[in-house]
Amino acid sequence: MGDYVHMNKLTCRYVSQWDFQGASLQELSFKAGDCFQPLDVSGDWWLVERLRADGSRTGKTGYVPYNYMVEEGTLEEQPWFFGELSRTEAVNLLLRRGNATGSFLVRVSDKQGFMYALSVRSGDTVKHFKILQQDGGEYHLGLSNYFADLNKLIEFYKVKTVATDLLLTSPCQKVSGH
Numbered sequence: 001m002g003d004y005v006h007m008n009k010l011t012c013r014y015v016s017q018w019d020f021q022g023a024s025l026q027e028l029s030f031k032a033g034d035c036f037q038p039l040d041v042s043g044d045w046w047l048v049e050r051l052r053a054d055g056s057r058t059g060k061t062g063y064v065p066y067n068y069m070v071e072e073g074t075l076e077e078q079p080w081f082f083g084e085l086s087r088t089e090a091v092n093l094l095l096r097r098g099n100a101t102g103s104f105l106v107r108v109s110d111k112q113g114f115m116y117a118l119s120v121r122s123g124d125t126v127k128h129f130k131i132l133q134q135d136g137g138e139y140h141l142g143l144s145n146y147f148a149d150l151n152k153l154i155e156f157y158k159v160k161t162v163a164t165d166l167l168l169t170s171p172c173q174k175v176s177g178h
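Numbers 1 to 178, taken from full-length UniProt numbering, label the letters of the sequence shown in order.
Below is the structure:
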C-alpha cells in the first residue's frame, strides 16, 4: 500500500504555493505557481524536475521543501483553500493587514455535519458560512443555488452577494505554512 501511494505521487504534477530561495546548489529556487514532476518524495525534501508551463521537461532537478508543494488539479492548489484551519485561525488570518472586506478563505470545518466552511472578512469582523453538500455531490450555502464544485460556488459569490452587501473579492493572503 505504501509503495502505491509513493508511486502515485511520482505520476502527479505538483505546483508550488510560495516562492522559495534555495540555500545550496542542490536546492531549486522557484516562484509560486511553478510546476514540478517529483522524482523522489521520501522525507521533508523532495527531489523534483522543474517543468515548463506547457508541461514539458526542463532537465533541471533539485530538492524542494515538500510542504511548499500541492498536487496539480486538487482543491489544495486553489489560493483560497486553507485546509484544516480552526474558526479562530481563520478570523486571525482574515483580519491581518492586506486583507480587505470581501477577502475570503475556504477551510475544512471543525464542526460535525458539514465538510467545509467559507470565512469572509466584512469590515472589522469575519462572517462564516457552512458549505453544505447534497447527496448528489452539489455544494451550496443553504440557499437555492447549487454548484457542481467549490470553484463554481466561489466564482458565483464573486458576482452575487453572499450576505447583504458582501461579495467575495480576493483570497485571503497566505503566509508560509498555511
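Quick reminder that beta carbons are idealized off the backbone N, C-alpha and C, glycines included.
*asked:* Taking its Cβ as the centre, do 16 or more other Cβ atoms sit within 10 Å of Gln-17, making it buried, or is it exposed?
replied: buried
Exercise. Going by Cα to Cα distance, which pick from Gln-78, Gly-33, Gly-142 and Glu-49 is closest to Gln-26?
Worked result: Glu-49
Practice item. Using alpha carbons as the reference points, say which of Glu-76, Glu-77, Leu-75 and Ser-119 lies closest to Leu-95. Key: Ser-119
Discussion item. Using 8 angstroms for Cβ pairs, my map puts Tyr-139 next to Asp-124. What's the rounded Cβ distance?
Written reply: Wrong, their Cβ atoms sit about 28 angstroms apart, outside the cutoff.
Please classify Arg-13: does DSSP put it in a helix, a strand, or coil?
-> coil
Would you mind working out which of Val-64, Phe-114 and Glu-84 sits nearest Ala-23, comparing C-alpha positions?
Val-64
- Message: Between Ala-90 and Leu-75, how many whole angstroms is the CB-CB distance? I'm expecting something under 8 angstroms.
- Response: The Cβ separation is near 16 angstroms, so there is no contact.
* Through-space distance from Glu-77 to Arg-87, alpha-carbon basis -> 21 angstroms
Is the CB-CB distance between Ser-103 and Ser-56 below 8 angstroms?
no
According to the neighbour-count rule (16 or more other Cβ atoms, all chains shown, within 10 Å of its Cβ), is Leu-143 buried or exposed?
exposed
| By Cβ distance, which residues of its chain are closer than 8 angstroms to Gly-59, with the 5 residues on each side in sequence left out? | Glu-49
Environment of Val-175 [buried if 16+ CB atoms lie within 10 Å]
exposed
Keeping to the same chain, check which residues put their C-beta closer than 6 angstroms to that of residue 191; ignore five residues upstream and five downstream.
Residue 191 is absent from the model: the chain starts at 1 and stops at 178.
Supposed contact pair Gly-137 and Val-108 - C-beta distance, whole angstroms, cut 8 angstroms
Between Gly-137 and Val-108 the Cβ distance is about 17 angstroms, and since that is not below 8 angstroms, they are no contact.
Notebook entry, point to check: Near Asn-8, what residues of its chain come up, given a Cβ to Cβ distance below 6 angstroms and the 5 sequence neighbours on each side ignored?
Noted result: Only weak support exists for where Asn-8 lies, its pLDDT of 45 falling under 50; the value from the coordinates is given anyway. None.
Could you tell me the alpha carbon to alpha carbon distance between Lys-160 and Phe-114, rounded to whole angstroms? 23 angstroms
Segment limits, alpha helix (DSSP H) that includes Lys-111: Note, Lys-111: premise wrong, no alpha helix (DSSP H); not H, not E.
Ala-117 versus Leu-141 - alpha carbon distance: 9 angstroms
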